[in-house]
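Chains A and B supply the protein sequences, listed in that same order. Numbering follows numbering that gives the first Met the number 0, in which position 300 of the first sequence is assigned residue number 299; successive positions increment by one, without gaps. Numbering follows numbering that gives the first Met the number 0, in which position 192 of the second sequence is assigned residue number 191; successive positions increment by one, without gaps. Even glycine gets a Cβ: it sits at the ideal position worked out from N, Cα and C. Note that this is a predicted model, so its numbers are computed, not measured. As C-alpha cells, the structure follows; a few thoughts come after it.
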Amino acid sequence: MTTHPLSPPRVPPAPVAAGRRRRRLTTVLLPYGLLAPATVVLGLILVYPLIKLIMFSVQKFGLRQQFGAPADFAGLDNYKRVLTDVQFWTVLGRTVAFCLETVALTLAIGMLVALLTQRVGPKMRLALITSLLLAWAMPPLSSTIVWQWMFDTQYGLVNWVLSTLGQSGADGHSWLSNPLSFYFVATLVVVWMGVPFVAFTLYAGLTQVPQDLIEAAQLDGASARQRFRHVVIPILMPILLILTALSVLWNFRVFTQIYVLQKAGGVNRDTNVLGIYAYRISIGESRFDVGAALAVVMVIIMLLFSLVYLRQMTKTEEL
Amino acid sequence: MSTGLTAPVAATATVTAPPHSRPRKTRASWRPGTTRTGTIAANVAAVVVVLIAVFPVYWMLNTSFQRGVDIQDSSPSFLPFGHGTLSNYRKVIDRGFFLTALQNSLIVTLLTVTCALVLALFAAVALSRLRFRGRTGFIVTVLLIQMIPPEAMVISLFKVLDGWHLVNTIFGLTLVYLVFVLPFTIWTLRGFVAGVPIELEEAAMVDGCSRFKAFRKITFPLMAPGLIATGTFAFIQAWNDFIFALVLMNRPENQTGPVWLQAFNEGAKGTDWGGVMAGSTLLSVPVIVFFLIVQSRMSEGLMAGAVKG
C-alpha cells in the first residue's frame, strides 16, 4: 500500500488516473493477502487432518492396512463399536464427573482468592499475586511430577505428615493405586493449576466494578451480602460464564496430569479419561479406526458445548 | 496444550472503566468485615493461600538440592542448606540428551512465538482495519477452530505429518504448535489493533507518512502490550506442551524438555527424586523467569485488551 507522500491520505486515494485501477486491485486483494499465510497453515495442519480424522473413523484398519493395503470402508461400524462399549460410557461418565467437580472447585476457590486479593493491603496483594503467578507459570508436567513426589508412597511428604500426626497406616500408603484417592490427588493438581488464572481474571473484573453503584446500593440499605449478590455478581456475570466455559473445555480434555499420575500409580483401566482412553486405543492398541471414531465423538461433544461459549462471546462483543 | 495462560476472557469481556482504575480507598463497599478482626482474618487467609501456591515450587527446589540419603531419610529435611548439593543438577545435565532436549524446546518455542506473532498480526490488521467479503466468515471459522480439542487431533496429525516426513522434525512440531495458538493470537491481536483509533494513523498520513509507515510508527508501538501478552501465551503453550511432543517426537535425540523429563521420571521409578526434581526445576526456570519479567507489562496488556475496541 503506497500512497503518494503528498496526496491526501483518506481513502479513496487521490485519483491518479493511470495508477487507479492497479491501486483498486491491490486494495481489494490486500486483506486476502494478509490472511493467506494464517489460512494456509490452519488449512494444512488443522482442517486437512480433521478431514482425515473423520475419514479414518469410517474406515477399517487392520493388519493388512499396516502393510499398505487400502483401507476398507466401514460405515459407522467404528462408532457402533465405541457407543456400544460399556467401557466408553464409564470413561465418559468419569470424564464429565471429574470435569464438573474440578471446575466447580476451581471457580469457587478462584472467586474467594479474588475477593481476598481485593480485601488485603497492597503488600499482601503483591505477595498473593506473585505467588499465584509462580504456581501458574510452572509447566503442568513439572507441577504434576512435584505433586506425585509429595504423594510418593515411600518417601512422600504427605504420608510423613499424616503418620507424624498419628494417622496409623499412612506410612507407606499408596495414594495412586486406588482410583478414588487417585482422583483426589488428580483433583488437587488440576485445581492448584487452575485457580491462579481464574483468580486473576475475577480480580481484574472486581477492580472494574463501578464504586458509585455500590455506594448507591449501600445508601439504599443493601447489606454487604446483598450488594455482592445483586450488584457485583451481575456485573461479573459475563466473565464468570466465560471462565466456566473455558475451565470446562480445559478440564474435559485433561491429559498430561492423568497420564503422569497413571504411570506412577499403575491403575490405568479404572482411571482413564476420554483423552487418555482415545490415546491408548490408537497408540497402545494400534486401533486407529476406533481411536479416530472416539476422537470424533470427543470433538462433537466439545463443539456442542462450545456453542454455548460462542453465543456468550458474540453476545458480549460484536464480530 | 491444555491449561496454562489463556486469556480470551480478558479480551472479550466488556469492560468500560479505564484500565488502571484502582478500587478507591474508601472502604465503603459490598465487602464484609471492614472491622479489625475481618482484616486480620483476611490477612491470615491470604498467607495460607500464598503458602499453598508456593509450597510445591519450594518443595521442588528443596529436594533438588538434597543428597539421596537425606531425601530417603525417615524424616524429611525442610531446609536444603544443611547438606546442600549440586550433584543432582550435574547428574541431570550430564545425562544423555538433556541439553539437546532443552535446546529442542527452546528452538521450537521461539519459532512458534515468532511465526505466531507475524501471521496473527497480518490477519489481525486485515480483520480490524479492512472491510472485505468473507470477513465475518473467517472470524467465525477461527472461533470454531479454537474449540477443537487438540488432544483429539493427535493421532491424525501424526498420520498426516508422517506422510509428509515431518514427524521427528522441529519444523513439523512448530507447525502444530502454531496452529493451536493462532486462533487465540489472531483473536486477541485483532482487539488490540482495533483499540488504536484509525484517526491516529490518518493524522500521520496527513503529515506525509505512507499507510505502511503510519501503521509501523503509530499503531504498532501502541500494540506492544498486546504483542507481549499474545507472545507470552504462545511461549507458554509451546514450552509446556507434553502430548504432541510425546507423539510427534519419539526419538531420544528429538525429545523436548517435558518428554525427556517424563521419560526420566518413569525410568527412575521413585528412586531418584533429587534428579527428577533438578530436571523439573531446570524445565520450570526459563518459563518462570520469563513470566516474572513480562508480568507487569502483560497484565497491562490483558487489561488493555479488555477495553472494547
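By a C-beta neighbour count over all protein chains shown, 10 Å radius and 16 as the cutoff for buried, is L303 of chain A buried or exposed? exposed
Which bits of chain B does Y335 of chain A rub up against, with CB to CB less than 9 Å? Lying outside 0 to 318, the shown extent of chain A, residue 335 of chain A is not represented and no answer is given.
Integer-rounded CB distance, given that G264 of chain A should sit under 8 Å from S176 of chain A: 5 Å
Let me know the secondary structure DSSP gives Q166 of chain A once reduced to three states. coil
Assign D271 of chain B to buried or exposed, taking buried as 16 or more other Cβ atoms, counted over all protein chains shown, within 10 Å of its Cβ. buried
Going by the beta-carbon positions, is the gap between T270 of chain A and Q256 of chain A smaller than 7 Å? Their beta carbons are not under 7 Å apart, which means T270 of chain A does not touch Q256 of chain A by this criterion.
With a cut-off of 7 Å, does the C-beta of I154 of chain B fall near any C-beta of chain A? Yes, its Cβ sits closer than 7 Å to a Cβ of chain A.
Nearest CA to the CA of N249 of chain B: which residue from B:L172, B:I147, B:L282? B:L172
Using a C-beta to C-beta distance shorter than 7 Å, which residues of chain A count as neighbours of Q294 of chain B? L132
Under 7 Å, do V157 of chain A and F150 of chain A count as touching if we go by C-beta distance? Yes, they are a contact pair.
Would DSSP call F72 of chain A helix, strand or coil? strand
Is it buried or exposed for I185 of chain B, if we count other Cβ within 10 angstroms and need 16 for buried? Taking a 10 Å sphere around the C-beta of I185 of chain B, we find 16 or more other C-beta atoms and assign the residue as buried.
Under 7 Å from the C-beta of S281 of chain A: neighbouring residues of chain B: I154
Three or more C-beta pairs under 8 Å: does that hold for the segment 188-195 of chain B against the segment 78-92 of chain B? no
Contact check, T105 of chain A vs V184 of chain A, beta carbons under 7 Å: no
Apart from the five residues just before and just after G3 of chain B, which ones in its own chain have a Cβ nearer than 7 Å to its Cβ? Any reading at G3 of chain B needs caution, since the residue's pLDDT is 39, under 50, leaving its predicted position unreliable; the model's value is listed next. Counting only Cβ-Cβ distances below 7 Å, and skipping sequence neighbours, we find I235, Q236, N239.
Count the CB pairs spanning the segment 238-248 of chain A and the segment 120-140 of chain A that are closer than 8 Å, and state whether there are at least three. no
According to a CB-to-CB cut-off of less than 7 Å, which residues of the segment 251-271 of chain B neighbour chain A? P257, L260, Q261, N264, E265, G269
If the cut is a Cβ gap below 9 Å, which residues of chain B does Y142 of chain A touch? For clarity, residue 142 of chain A is Ser in the given sequence; the question names Tyr instead. Result: P55, V56, M59, S279, S283.
Chain A contact for P224 of chain B (CB, 7 Å cutoff): no
Assuming G278 of chain B contacts F263 of chain B (C-beta within less than 8 Å), just tell me the rounded distance between them. 6 Å
Residues near S162 of chain A by beta carbon distance below 7 Å, same chain, minus five either side: If we look at S162 of chain A and ignore the five residues flanking it on each side, its Cβ neighbours are A169, D170.
Taking V275 of chain B as the reference, give the member of A:P139, A:W148, A:I275, A:V40 with the closest Cα. A:W148
Judging by CA-CA distance, which residue of B:V178, B:S104, B:S74, B:V47 is the nearest neighbour of F241 of chain B? Distance check between F241 of chain B and each of B:V178, B:S104, B:S74, B:V47 places B:S104 closest, using alpha-carbon atoms only.
Give me, in chain order, the residues of the same chain whose beta-carbon lies closer than 7 Å to that of F55 of chain A; leave out the 5 immediate sequence neighbours on both sides. F287, D288, A291
Using three-state DSSP, classify Q58 of chain A as helix, strand or coil. strand
From what residue to what residue does the alpha helix (DSSP H) around G269 of chain B run? First-last for G269 of chain B: undefined, no H or E at that position.
Please identify the residue among A:G165, A:R252, A:V259, A:G42 whose C-alpha is closest to the C-alpha of F310 of chain B. Not covered by the structure: residue 310 of chain B. The range shown for chain B is 0 to 308.
Taking just the CA atoms, how far does P148 of chain B sit from W88 of chain A? 19 Å
Under a Cβ-count criterion, where at least 16 other Cβ atoms within 10 Å of its own Cβ denotes burial, should I50 of chain A be classed as buried or exposed? exposed
Under the three-state DSSP convention, the category A291 of chain A falls into: helix
Residue range of the alpha helix (DSSP H) that A45 of chain B falls in? 35-63
Can you tell me whether DSSP reads E284 of chain A as helix, strand or coil? coil
So G120 of chain A and L201 of chain A are supposed to be a Cβ contact under 8 Å. How far apart are they, rounded? Approximately 19 Å separates the beta-carbon atoms of G120 of chain A and L201 of chain A; this is outside 8 Å, ruling out the contact.
Can you have a look at L50 of chain B and say buried or exposed, based on whether 16 or more other CB atoms are within 10 angstroms of its CB? exposed
Cβ contact check for the segment 277-286 of chain A and the segment 207-219 of chain A: 3 or more pairs under 8 Å: no
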